[in-house]
Structure formats: structure tokens, C-alpha cells
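One structure below.
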Ligand code: 13P
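In my numbering, the protein residues as written are 11 to 240.
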């Protein structure tokens, strides 16, 4: 199973050091085949030792240059970061990243051989239209994306389940993952959206779920490790 923490705009460099220390203590008991990722805010990126991989939540598709406020490959290389989240709904929605921009980012980091966790997800009004509308919406988020890329993990995160405390139901996750698995070349497929210690067992037991991408419940090292060790 894959357990990925997305800190979003939470934690500092200092609090991340404390977090990593606690996580490492807990990870001593983790199953060796399970993989752990933590996606940190840019200011907390650093070289951390432990049985996990550090990723960036975002970067600009350039080595360096005049892109005020962004970080590029050069800044990531300083800390040996080779893992990135692309396509998160919060970036699509709040930062206005179009599918075209997302695809450009994907292709740049693919050329750099990064491990990419590529996020897709539908808003509530699409979910309410029914399953066909959901799949049509999700498949459009693969436009310009090389699904055959070797170092690719997909994360299905229904927007209405993110940060709301209301996870998708087992039935919703199961049906969506089954349909997605048919088109994603059997790449690992994570679920994200209000995953937490109370529902983790039920989620990771669903066929077609290869792990979780966790926001709120990952911010506390003991809650996140409880999920990993469940
Ligand atoms: P929550 O776990 O807070 O719902 O966030 C999910 C998410 O967006 C992870 O990328």
C-alpha cells in the first residue's frame, strides 16, 4: 500500500523536523512493502532521513528562470527531490491551472524522470449527474497526459470529499476505481478525500485501491502513522 501525506499550506520547516522524528519512530513498525510519501510546502523541503520519500506539492516546469514566486528543478535538486504532485484540484481551482498547463508540467517532469502522483477528481455537481458524467469528467483530465509513463501513480480525489470530513462511500470508490483501472494501464491508484484513521481500513480493503493521499489527517504524525500501521 502507498500512504501519501499532503501537508498543503501547513507546517513549517521546524514543525516538519519534529513531525519527521515522530514519524520515523512509528515507521519502525511499518510493513516493508508499504511505501510512505510526504508532500511538504516548499519552505520545508530539505534532506530528511527515514523510510519515506519527500515530494514537492508543486513546481514550475523549468530548471530556473524568471518565474516570480515559483520554484524550479534547480531548487528541488538541492534537496534531491524527485517526486511531485501534479493536477491537484486545489491548484486547478484556486491557482487556475488549466488542463493544458497541467499537461505541460507533467511532460516536463516526466522528461526529468520524476515520480509523479497525478491527481484527478470531479466536483459535486458532476457527481450528482451520475456515473457516466463522472467518468467523462475524469477522463478529460487525462488529456495530454502520458498514462504509459513508468513512474506514474494516479490519485482519485473527488473534490466534494476533500477537507469536508465526508469521504466517498465504499461503493463510490469501488465503482470509480474499477472503471479507472481499465484506462490507466494498471498504474497504482490512490484514493484521497477525508481518509482518516477511522475509515482507513475500509478504504484500503476496497479492490482497486492501492493506497491513499491524505490531507487533514496527515498533519499530525501520530494520526498519519496510525493509518500506515492499521
Ligand atoms: P483531506 O484528506 O483533508 O480531505 O484532503 C485530501 C487531499 O486533498 C489530499 O491531497
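Every residue, glycine too, gets a C-beta built ideally from N, C-alpha and C.
For clarity, every value in this text was computed on a predicted model and none was experimentally measured.
Following a CB-centred definition, is residue 46 positioned closer than 7 Å to any heavy atom of ligand 1? In this structure, residue 46 has its beta carbon at no less than 7 Å from each heavy atom of ligand 1.
DSSP three-state label for residue 43, please. DSSP places residue 43 in coil when its eight states are reduced to three.
Please confirm whether residue 36 and residue 225 have their CB atoms less than 8 Å apart. It is not a contact, given that the beta carbons lie outside the stated cut-off.
Could you pull out every residue in the same chain whose Cβ sits closer than 7 Å to the Cβ of residue 243, ignoring the five residues on either side in sequence? What is shown of the chain runs 11 to 240, which leaves residue 243 out entirely.
Could you check if residue 97 is buried or exposed, using at least 16 other CB atoms within 10 Å of its CB as the buried criterion? Result: buried.
Residue from 229, 140, 182 with nearest C-alpha to residue 201: Each of 229, 140, 182 was checked against the Cα of residue 201, and the nearest Cα belongs to 182.
Ignore the nearest five residues each way along the sequence and tell me which others in residue 110's own chain have a CB closer than 8 Å to its CB. Within the same chain, residue 110 has close Cβ partners 154.
Name the residue from 133, 117, 132 whose alpha carbon lies nearest to the alpha carbon of residue 126. Ranked by how close their Cα comes to the Cα of residue 126, the residues 133, 117, 132 have 117 in first place.
List the DSSP bridge partners of residue 126. According to the DSSP secondary-structure assignment, residue 126 is paired through a beta bridge with 94, 162.
Which of helix, strand or coil does DSSP assign to residue 199? DSSP places residue 199 in strand when its eight states are reduced to three.
Return the first residue and the last residue of the beta strand (DSSP E) that residue 102 is part of. Run containing residue 102: none in the beta strand (DSSP E); it sits in the alpha helix (DSSP H), 99-104.
Under a three-way DSSP split, which group does residue 190 fall into? The answer is helix: DSSP assigns residue 190 an H, G or I state.
Classify residue 220: buried if its beta carbon has 16 or more other beta carbons within 10 angstroms, exposed otherwise. Residue 220 counts as buried, since no fewer than 16 other beta carbons sit within 10 angstroms of its beta carbon.
Should residue 168 and residue 218 be called a contact, given that it needs their Cβ atoms to be closer than 8 Å? Cβ distance not < 8 Å, so residue 168 and residue 218 don't count as in contact.
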